[in-house]
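Residue numbers (this note's numbering), protein chains in the order written: chain A, 307 to 430; chain B, 87 to 331.
Ideal Cβ placement from N, Cα and C applies to all residues, glycine included.
Values in this document were obtained by computation on a predicted structure and should not be read as measured data.
To start, the structure under review is shown below, and the notes come after it.
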């Protein structure tokens with residue numbers, strides 16, 4: 307066990323780094339609570355309230371699409387990339403099941419079932 | 087929020103728990119690879135553990151690591167973390183009417199646990215804030231169940247990733263399961279034509295604006311998608327469309 311620990315794990319931590327990590331956690335709280343920290347009554351204008359229903363899917367798409375079609379900040383110029391087929395495989399499963407039951411779990415499993423063989427087996 | 091036991095007894099808590107459970111394997115794989123990435127990029131085990139347990143925001147963690155290792159001033163790291171988290175500021179505007187009945191400290195704890203998927207699943211399940219005390223308690227119980235399992239799967243697997251970092255090859259690409267978890271939720275949100283438009287515009291914009299610093303491409307993409315969808319709405323004075331259950 308000691309060998310295991312000395313091989314990779316280190317108990318050392320820089321005090322400054324720990325403080326930075328603590329304040330980063332505070333940033334998490336502030337950003338996620340930003341508009342409900344204050345008790346002052348305030349309502350969003352109606353157009354903004356309507357617009358927010360498009361925000362969740364936009365946020366997910368903005369995170370997901372670059373993860374699928376970009377490598378190190380550049381648009382990929384090949385179709386031999388396992389992520390493309392994993393993504394399509396997952397989405398096809400979801401819409402085939404029409405989102406019923408454990409469709410999201412199925413999306414993960416079927417997407418990985420397409421992705422892993424191509425990625426590990428073929429190196430795509 | 088899930089530390090309150092009053093929430094555990096409500097049926098909505100279990101509902102929220104199980105809604106998130108099907109996504110949890112993706113979250114877990116993603117947390118695992120974030121843990122591995124922290125150690126492989128040169129953080130010490132203790133630092134990486136502290137980060138996994140406290141910060142609870144994957145993208146801001148990954149953005150902060152190179153800055154930490156380069157010895158950047160603290161305010162720059164914190165400003166970076168905040169900018170990467172700006173999408174949560176947008177979410178908090180949406181969440182405000184749902185949580186304002188809580189005392190402030192509970193709102194802050196609730197905010198802390200409301201990460202991307204928790205927010206997305208919550209507003210998908212509840213299109214409008216409840217107008218009765220009973221309804222509000224139910225909504226908060228749902229949020230607690232859903233946020234609790236999300237926190238648990240993320241944190242426990244990032245800790246595992248930190249501890250096992252030297253035994254898990256990043257080349258396997260297990261982190262892709264996280265992308266697929268988000269993909270599944272994305273598909274489940276595509277319930278109207280305008281939402282498809284929103285996804286398309288946001289995805290394209292995020293790629294086109296990828297060169298922006300601090301992951302600001304995500305914020306620009308959300309803004310562009312929301313603005314275009316508002317312009318495309320036919321009858322702007324009508325109430326927001328209600329999702330079909």
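Does DSSP put residue i in a helix, in a strand, or in coil?
| i | result |
| --- | --- |
| residue 319 (chain B) | coil |
| residue 381 (chain A) | strand |
| residue 397 (chain A) | helix |
| residue 129 (chain B) | coil |
| residue 376 (chain A) | strand |
| residue 311 (chain B) | helix |
| residue 254 (chain B) | coil |
| residue 228 (chain B) | helix |
| residue 283 (chain B) | helix |
| residue 324 (chain A) | helix |
| residue 243 (chain B) | helix |
| residue 268 (chain B) | helix |
| residue 197 (chain B) | helix |
| residue 386 (chain A) | coil |
Are the beta-carbon atoms belonging to residue i and residue j less than 8 Å from one another?
| i | j | result |
| --- | --- | --- |
| residue 206 (chain B) | residue 193 (chain B) | no |
| residue 399 (chain A) | residue 412 (chain A) | yes |
| residue 148 (chain B) | residue 163 (chain B) | no |
| residue 196 (chain B) | residue 172 (chain B) | no |
| residue 428 (chain A) | residue 179 (chain B) | no |
| residue 312 (chain B) | residue 352 (chain A) | no |
| residue 391 (chain A) | residue 422 (chain A) | no |
| residue 267 (chain B) | residue 112 (chain B) | yes |
| residue 251 (chain B) | residue 272 (chain B) | no |
| residue 69 (chain B) | residue 324 (chain A) | Since the first residue shown for chain B is 87 and the last is 331, residue 69 (chain B) is missing from the structure and cannot be characterised. |
| residue 232 (chain B) | residue 208 (chain B) | yes |
| residue 243 (chain B) | residue 225 (chain B) | no |
Under the assumption that residue i contacts residue j (Cβ atoms under 8 Å), give the Cβ distance between them as a whole number of angstroms.
| i | j | result |
| --- | --- | --- |
| residue 288 (chain B) | residue 367 (chain A) | 4 Å |
| residue 270 (chain B) | residue 396 (chain A) | 7 Å |
| residue 108 (chain B) | residue 410 (chain A) | 5 Å |
| residue 110 (chain B) | residue 121 (chain B) | With a Cβ gap of about 16 Å, residue 110 (chain B) and residue 121 (chain B) do not count as contacting. |
| residue 248 (chain B) | residue 146 (chain B) | With 8 Å as the limit, residue 248 (chain B) and residue 146 (chain B) do not qualify as a contact, their Cβ atoms being about 17 Å apart. |
| residue 106 (chain B) | residue 260 (chain B) | Not a contact, Cβ separation roughly 20 Å. |
| residue 282 (chain B) | residue 117 (chain B) | Not confirmed; about 30 Å, so no contact. |
Note the first and the last residue of the continuous alpha helix (DSSP H) segment covering residue i.
| i | result |
| --- | --- |
| residue 403 (chain A) | That residue, residue 403 (chain A), is in no alpha helix (DSSP H); it is neither H nor E in DSSP. |
| residue 172 (chain B) | 172 to 185 |
| residue 147 (chain B) | 144 to 155 |
| residue 353 (chain A) | 352 to 358 |
| residue 97 (chain B) | 97 to 107 |
| residue 340 (chain A) | Here residue 340 (chain A) belongs to no alpha helix (DSSP H), and DSSP marks it neither H nor E. |
| residue 94 (chain B) | 91 to 94 |
| residue 202 (chain B) | 202 to 211 |
For residue i, go through chain A and note every residue whose CB falls closer than 9 Å to its CB, in chain order.
| i | result |
| --- | --- |
| residue 258 (chain B) | 422, 425, 426 |
| residue 303 (chain B) | 368, 372 |
Just to make sure I have the definition right: I need the residues of chain A whose C-beta is within less than 8 Å of the C-beta of residue i. Which are they?
| i | result |
| --- | --- |
| residue 243 (chain B) | Those within 8 Å of residue 243 (chain B) in chain A number zero; the least Cβ separation is about 14 Å. |
Given that residue i touches chain B, what residues does it touch there, using C-beta distances under 7 Å?
| i | result |
| --- | --- |
| residue 345 (chain A) | 190 |
Counting only Cβ pairs nearer than 8 Å, list the residues of chain B close to residue i.
| i | result |
| --- | --- |
| residue 378 (chain A) | Ordered by position in chain B, no residue passes the 8 Å Cβ test against residue 378 (chain A), which lies about 10 Å from the chain. |
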